[in-house]
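This note's numbering applies: residue 116 is where the sequence shown begins, and numbers increase by one. Right, one structure below, let's go through it.
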Amino acid sequence: MAVIEQFVAETGKTKGVNQIVGRIAPAGKVLLVDAPFALGTARAARNIERVYLQEAAKLNPVDLAKYKKIIVSTKALEAIIARVNGGKN
Numbered sequence: 116m117a118v119i120e121q122f123v124a125e126t127g128k129t130k131g132v133n134q135i136v137g138r139i140a141p142a143g144k145v146l147l148v149d150a151p152f153a154l155g156t157a158r159a160a161r162n163i164e165r166v167y168l169q170e171a172a173k174l175n176p177v178d179l180a181k182y183k184k185i186i187v188s189t190k191a192l193e194a195i196i197a198r199v200n201g202g203k204n
């Protein structure tokens, strides 16, 4: 699992997201987790066949078990920790 500051596709282009994902996980299926995804970033990422998107509020254990490579934004990580702590962070 890798934690990054945020997912930003400056131009809303697939190439930008592909570069970010490629640096962290050059091959294989990747799960991106954010809370929530920016519209441009979500549009760009969904065009990449090996990349799957999930918002932190909808993340479940099956998602975590299914993917060996997971990239989480710091905002999503905070949301996940809050869920685990019963809504308290």
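Glycine included, every Cβ here is placed at the ideal spot set by N, Cα and C.
When DSSP labels each residue in this structure, what does residue i get in the three-state scheme?
i, result
"Gln169", "strand"
"Leu174", "coil"
"Ile139", "helix"
"Val199", "helix"
"Lys128", "coil"
Using only CA atoms, which one of the options lies nearest to residue i?
i, options, result
"Lys144", "Ile195, Ala180, Val118", "Ala180"
"Ala140", "Val199, Ile196, Lys184", "Lys184"
"Glu170", "Ala124, Thr189, Val136, Ile163", "Thr189"
"Pro176", "Ile195, Glu164, Thr156", "Ile195"
"Lys173", "Leu192, Ile163, Ala142", "Leu192"
"Met116", "Thr156, Gly202, Ile186", "Ile186"
"Glu164", "Ile119, Lys130, Gly155, Ala197", "Lys130"
"Glu125", "Val118, Ala153, Ile119", "Ala153"
"Glu120", "Asn200, Ala197, Ile135", "Ile135"
Under DSSP, the alpha helix (DSSP H) around residue i begins and ends at which residues?
i, result
"Ala159", "154-160"
Kindly give me the distance between the Cβ atoms of residue i and residue j, rounded to whole angstroms, as I take these residues to be in contact under 8 Å.
i, j, result
"Val132", "Ala159", "4 Å"
"Leu147", "Val166", "6 Å"
Which residue marks the beginning of the beta strand (DSSP E) containing residue i, and which one marks its end?
i, result
"Val145", "145-149"
"Ala117", "117-119"
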